[in-house]
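Notes follow once the structure below has been shown.
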Amino acid sequence: MLNNETAAVPGKGTLSFENTEIAFRHSSNKDLKRAYWLFRMININFFVKIGPPVTNFAMKIGLPIKSLIKATIFEHFCGGETIEECNTTIKNLYDGGVGTILDYSVEGEEDEAVFDATRDEIILTIKRAAGDKAVPITVFKVTGVGRFGLLEKLDAGAELTIAEEAEWEKVQARVLAICTKAYETGVPIMVDAEETWIQKTIDLLAMNMMRKFNKEKAIVYNTYQLYRHDKLQSLKDDYAVAVKEGFILGAKLVRGAYMEKERKRAAEMGYDCLIQPDKQSTDKDYDASVNFCTDHIAKIAFVAGTHNENSCRLLAEQLDEKNITHNNSHVYFSQLLGMSDNLSFNLADAGYNVAKYVPYGPVKAVLPYLFRRAQENTAIAGQMSRELGLIMTEKKRRKI
Numbered sequence: 002m003l004n005n006e007t008a009a010v011p012g013k014g015t016l017s018f019e020n021t022e023i024a025f026r027h028s029s030n031k032d033l034k035r036a037y038w039l040f041r042m043i044n045i046n047f048f049v050k051i052g053p054p055v056t057n058f059a060m061k062i063g064l065p066i067k068s069l070i071k072a073t074i075f076e077h078f079c080g081g082e083t084i085e086e087c088n089t090t091i092k093n094l095y096d097g098g099v100g101t102i103l104d105y106s107v108e109g110e111e112d113e114a115v116f117d118a119t120r121d122e123i124i125l126t127i128k129r130a131a132g133d134k135a136v137p138i139t140v141f142k143v144t145g146v147g148r149f150g151l152l153e154k155l156d157a158g159a160e161l162t163i164a165e166e167a168e169w170e171k172v173q174a175r176v177l178a179i180c181t182k183a184y185e186t187g188v189p190i191m192v193d194a195e196e197t198w199i200q201k202t203i204d205l206l207a208m209n210m211m212r213k214f215n216k217e218k219a220i221v222y223n224t225y226q227l228y229r230h231d232k233l234q235s236l237k238d239d240y241a242v243a244v245k246e247g248f249i250l251g252a253k254l255v256r257g258a259y260m261e262k263e264r265k266r267a268a269e270m271g272y273d274c275l276i277q278p279d280k281q282s283t284d285k286d287y288d289a290s291v292n293f294c295t296d297h298i299a300k301i302a303f304v305a306g307t308h309n310e311n312s313c314r315l316l317a318e319q320l321d322e323k324n325i326t327h328n329n330s331h332v333y334f335s336q337l338l339g340m341s342d343n344l345s346f347n348l349a350d351a352g353y354n355v356a357k358y359v360p361y362g363p364v365k366a367v368l369p370y371l372f373r374r375a376q377e378n379t380a381i382a383g384q385m386s387r388e389l390g391l392i393m394t395e396k397k398r399r400k401i
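Below, the structure written as structure tokens:
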């Protein structure tokens, strides 16, 4: 599969993360102005902290703020409320050489009927992606198709009731149905990482799906959160299993998404937290994971999910140093819609595989996702200031 992808070739352009003309080529003047004011607001921690309770209260008592949310934060960070509404975003990204990862971002549900509906919606994203280079990868969360409390009990090794055993069978059947459709259509699907106290069960599910479907091609990808101090070793251990059992390891590498929640729970319950002691340790393990994957590119297909410029630059340099082509099918860069366009579009312009996470779903149901993203990104030192600076540079270049 990789025979004609082993010699390095120049990209289509020179890679620079400072080129705002390329970064915002897909954005109209109106889009740019909206992004400017939006990031200015997010940059104010007070707004991010009071936003969720105020908005949830307003929605609960029926205030007509849905249209305001949809026209601002939702429009910037989401593709739409339905797959069809995402088509404009899909085309816009692909015009700039960037693929779309449709992410049905409804979360926190508990009902079996909702789990079945979510399974069906995820399968629709796979069908939408089939045969379309603009939608190269799909994704789902296990908590979208199974109850959090059940996964928590499984992770803890607690004995399930007869009813819970039947519930667990349904969860596994939903995951199997999703991965089977991915396999049948040849569309890769990523299993998102979640909280540490349910992750062991998710890891087992993902590895079993890889054993079944990754014999010839990477279809199923598990996610490794490198802000956990044990995940670099997990990546290496899983690779050893893949080599021994004869399948391709699919890996999405991220830093992580639940840091404050993880530390708070560990402190409250008195156990050792799995989160790295500092950001430097996370960065070190992340870059070591990238290096490990590129060293074993024939048997590992990976998605580098990162907004870190140094990590993106490191991976780009490693591909050249190791004679791996920019468009090798085993390597993807990924960022979130509405974030780090200077990375996504400049990488795509230089010939690398890039795909943006494009969340979608009903506005009310996607609000928890939107607020979590805002909180995460204000917690990253300099992230919002960097976004603002790039937007201001482009506004100045356009004289708007």
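Under my numbering, the first residue of the sequence shown carries the number 2, and numbering increases by one thereafter.
Beta carbons are placed, not taken as given, at the ideal position from N, Cα and C, and that holds for glycine.
From a predicted model like this one, the values you see are computed outputs, not experimental measurements.
Which value, in whole angstroms, describes the spacing of the CA atoms of ILE276 and PRO369? Stepping through the sequence shown from its first residue, residue 276 is reached at position 275. Stepping through the sequence shown from its first residue, residue 369 is reached at position 368. Roughly 23 Å separates the two Cα atoms.
Hey, how far is the Cα of ASN328 from the Cα of GLU166? As a working note, residue 328 is residue 327 in the sequence shown. As a working note, residue 166 is residue 165 in the sequence shown. Spanning the two alpha carbons is a distance of roughly 44 Å.
Rounded C-alpha distance that separates THR15 from ASN93: Against the sequence shown, residue 15 aligns to sequence position 14. Against the sequence shown, residue 93 aligns to sequence position 92. Distance between the alpha carbons of THR15 and ASN93 is about 22 Å.
If you draw a straight line from the C-alpha of PHE47 to the C-alpha of TYR333, how long is it? Residue 47 sits at position 46 when you count from the first residue of the sequence shown. Residue 333 sits at position 332 when you count from the first residue of the sequence shown. Because PHE47 sits at a pLDDT of 49, beneath the cut-off of 50, its placement in the model cannot be relied upon, and the following sentence gives the value as read from the coordinates. Cα to Cα, PHE47 sits roughly 35 Å from TYR333.
Between the region 294-313 and the region 241-258, do three or more beta carbon pairs fall short of 8 Å? yes
LEU205 - partner residues in DSSP beta bridges: Counting from one through the sequence shown, the residue named residue 205 turns up at place 204. None, per the DSSP bridge assignment.
Please classify ALA243: is it buried, with 16 or more other beta-carbons within 10 angstroms of its beta-carbon, or exposed? One-based indexing of the sequence shown puts residue 243 at position 242. It counts as buried.
Which ranges does the beta strand (DSSP E) cover as unbroken runs of at least 3 residues, wholly within the region 289-343, from first to last along the chain? 301-306, 332-337
C-alpha gap between GLU263 and GLY97, whole angstroms: Walking along the sequence shown from the start, residue 263 turns up at place 262. Walking along the sequence shown from the start, residue 97 turns up at place 96. Computed Cα separation, rounded: 37 Å.
In this structure, how does DSSP classify PRO278 when only helix, strand and coil are distinguished? By one-based count along the sequence shown, residue 278 stands at place 277. For PRO278, the three-state secondary structure derived from DSSP is coil.
Does MET270 pass the burial test, meaning 16 or more other C-beta atoms within 10 Å, or should it be called exposed? Working through the sequence shown from its first residue, we reach residue 270 at position 269. Exposed.
Note down the Cα distance separating MET191 from LYS285, rounded to an integer number of angstroms. One-based indexing of the sequence shown puts residue 191 at position 190. One-based indexing of the sequence shown puts residue 285 at position 284. Distance between the alpha carbons of MET191 and LYS285: 24 Å.
Any beta strand (DSSP E) of 3 or more consecutive residues that is wholly inside the region 161-238: 190-192, 221-226
Between which two residues does the alpha helix (DSSP H) carrying ILE124 extend? Numbered from 1 along the sequence shown, position 123 holds the residue referred to as residue 124. In this chain, the alpha helix (DSSP H) harbouring ILE124 covers 113-130.
Could you tell me the distance, in whole angstroms, from the CA atom of GLY362 to the CA atom of ASN354? Residue numbering aside, residue 362 sits at position 361 when the sequence shown is read from its first letter. Residue numbering aside, residue 354 sits at position 353 when the sequence shown is read from its first letter. For GLY362 and ASN354, the distance between alpha carbons rounds to 26 Å.
Check whether the region 315-328 and the region 117-135 are in contact - that is, three or more C-beta pairs closer than 8 Å. no
On a Cα-Cα basis, can you pick out the residue from ASN223, ARG229, PHE78, LYS216 that is closest to ASP32? Translated into the one-based positions of the sequence shown, residue 32 becomes position 31. It is PHE78.
Do the region 222-236 and the region 169-178 touch if we need at least three Cβ pairs shorter than 8 Å? no
Pull up the distance between the alpha-carbon of ASP239 and that of VAL367, whole angstroms please. The sequence position of residue 239 within the sequence shown is 238, counting from 1. The sequence position of residue 367 within the sequence shown is 366, counting from 1. Spanning the two alpha carbons is a distance of roughly 33 Å.
PRO1 - partner residues in DSSP beta bridges: Because residue 1 is not part of the residues shown, which for the chain are 2 to 401, the question remains open.
Reducing DSSP to helix, strand and coil, say where GLY98 ends up. The sequence position of residue 98 within the sequence shown is 97, counting from 1. Coil, per DSSP.
Cutoff 6 Å; reference LEU389; Cβ partners in own chain excluding five residues on either side: For the purposes of this step, residue 389 is identified with residue 388 of the sequence shown, where counting begins at 1. Around LEU389: PHE40.
Exposure of THR202, with buried meaning 16 or more beta-carbon neighbours within 10 Å: One-based indexing of the sequence shown puts residue 202 at position 201. It counts as buried.
Is it true that the region 129-140 meets the region 181-196, where meeting means three or more beta-carbon pairs spaced less than 8 Å apart? By the criterion of at least three beta-carbon pairs nearer than 8 Å, the region 129-140 is in contact with the region 181-196.
To which residues of the same chain is LYS323 closer than 7 Å at the C-beta, ignoring the five residues directly before and after it? Translated into positions along the sequence shown, residue 323 becomes position 322. Closer than 7 Å at the Cβ level, and outside the excluded window around LYS323, lie THR295.
Quickly, what does DSSP pair ALA252 with across the bridge? List them, please. Walking along the sequence shown from the start, residue 252 turns up at place 251. Answer by DSSP bridge pairing, in chain order: ASN223, PHE303.
Just the C-alpha distance for GLU246 and ARG212, rounded to the nearest angstrom, thanks. Within the sequence shown, residue 246 is the residue found at index 245, counting from 1. Within the sequence shown, residue 212 is the residue found at index 211, counting from 1. Looking at the two C-alpha atoms, the distance is approximately 8 Å.
Ignore the nearest five residues each way along the sequence and tell me which others in GLY81's own chain have a CB closer than 6 Å to its CB. Along the sequence shown, read from residue 1 onward, the residue named residue 81 stands at position 80. Closer than 6 Å at Cβ, skipping near neighbours: CYS87, TYR361.
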